[in-house]
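By full-length UniProt numbering, the letter at position 125 of the sequence shown is numbered 125, and the numbering carries on one by one without gaps. Positions of the beta carbon are idealized from the N, C-alpha and C atoms, including for glycine.
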Amino acid sequence: MDPRPRGRSAERAEPPVPARIAAALAVLDLAPHDRVLEIGCGRGVAVAAIAPRLTRSHLTAIDRSAVAIAAARDRNAAHVAAGTVAFLEVSLRDARLPPGAFTKAFAIDVNLFWLDGSAELAVLAAALSRGGRLHLIHQAPSHTGRPRIVDGLRRELAAAGFVVDRLDSPDDTGVPLVVVTARPPD
């Protein structure tokens, strides 16, 4: 007899959470009142890991890809139906986010933040509430690639007026991660 699950539940079984998503979960440190924005949500893997932790919180996830948003909505249909998660098909640059709407924003492997994210960081500075935080998590292609990402993040965040509270390259994950927490200008 084959012990593998069959049927619809087998199709829905989620693989283990990747290290970069586990790092996002740890750094977000969700509180009951948090209003969270994910930038570049892709197929909704991070949302699926975060949404069960939301009690009175809300998560809005954006991505510019219609295919990715459709897959994310499908993967997280129960959370969308419960009203704890919303998905928007829009780039961050074009997003019309209410001022001060989010207590936390995060992005995983969104390269524009270390390449040229000035317009997007301006959108985030306005969308984050007073005391809000931006969390950027990147998985570098190799451990030797981390310094380039760190330098780019420092440069872009400083140019946009963000203050870096934490910049870490944890070695205990087995993958070359960069984790940054920053606050917008006052």
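Residue 106 (DSSP reduced to helix, strand or coil): strand
Candidates 20, 134, 83, of which the one nearest residue 51 by Cα: 83
Ordered list of beta strand (DSSP E) runs contained in the UniProt domain "Methyltransferase" (36–132), each at least 3 residues: 58–63, 85–89, 102–108
Bounding residues of the beta strand (DSSP E) (the contiguous stretch that carries residue 182): 177–183
Range of the contiguous alpha helix (DSSP H) that encloses residue 27: 19–28
The segment 146–165 in contact with the segment 42–58 per 3-pair CB rule at 8 Å: no
As assigned by DSSP and simplified to three states, the class of residue 186: coil
6 Å CB neighbourhood of residue 170 in its chain, flanking five on each side removed: 177
Beta-carbon gap between residue 46 and residue 21 smaller than 7 Å: yes
As assigned by DSSP and simplified to three states, the class of residue 168: strand
Closest Cα partner of residue 27 within the set 74, 158, 138: 138
Straight-line Cα distance separating residue 125 from residue 80: 26 Å
Residue 140 and residue 164 closer than 7 Å at C-beta: no
Exposure of residue 42, with buried meaning 16 or more beta-carbon neighbours within 10 Å: buried
Collapsed DSSP secondary structure at residue 138 in the structure displayed: strand
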